[in-house]
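Everything below concerns the one structure shown next.
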Amino acid sequence: MVRAYRSSVIDAPIGAVWATIRDFNALPSWHPAIARSEIEGGRPSEAIGCVRNFYLQDGGHLREQLLALSDIDHTFVYNILESPMPVKNYVATVRLTRITVGERTFAEWWADFEVTSGPQEAMVAQIGDGVFVGGFEALQKKLASRR
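Numbering follows numbering that gives the first Met the number 0, in which position 113 of the sequence shown is assigned residue number 112; successive positions increment by one, without gaps.
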């Protein structure tokens, strides 16, 4: 099992960041790698157990299941059901924490998983930098444009 972990400070209040990422089906609205997404079976996007079925800009297809969601802790947890990446037993957490000085948010995103082929370090970097950091940078840009 390996872990990809990244964190960032987003120059926006926690309420604005949470409102942007809370919807489990909202990835295309803020993450540049995602082309389109839908929740299977018409379930609500905050329903524990719902599955988002989405496509990457490069055509890759993933299915992920929401395992936990907390408005109190500003956290959600999900796992990958299907992915073009060589991973299995992938469980990820996104957590936001209010920074008490200024209108900023500390954001963390991590995933524990097994790599099924190729070097582990390369997969950790791809997920950590490509997915997580790419998402943080896009959130920063999106929320800065609202100020």
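All C-beta atoms in this analysis are idealised placements derived from N, C-alpha and C, irrespective of residue type, glycine included.
Among SER82, LEU80, GLU102 and ILE126, the one whose alpha carbon lies nearest that of ALA15: The candidate whose alpha carbon is nearest that of ALA15 is GLU102.
Rounded Cβ spacing between GLN64 and TYR77 (contact assumed at less than 8 Å): Indeed, because the Cβ distance is near 6 Å, the residues count as touching under 8 Å.
Distance between GLY41 and VAL93 (C-alpha atoms, nearest Å): 24 Å
Within 8 Å, strictly: CB atoms of LEU68 and ILE47: Closer than 8 Å, so yes.
Segments of 3+ residues assigned as beta strand (DSSP E) that fall wholly inside the region 35 to 77: 50 to 55 and 60 to 69
ALA221 (DSSP reduced to helix, strand or coil): This structure does not reach residue 221, given that the chain is present from 0 up to 146, and the question cannot be answered.
Among GLN56, ARG5 and MET0, the one whose alpha carbon lies nearest that of ASP128: ARG5
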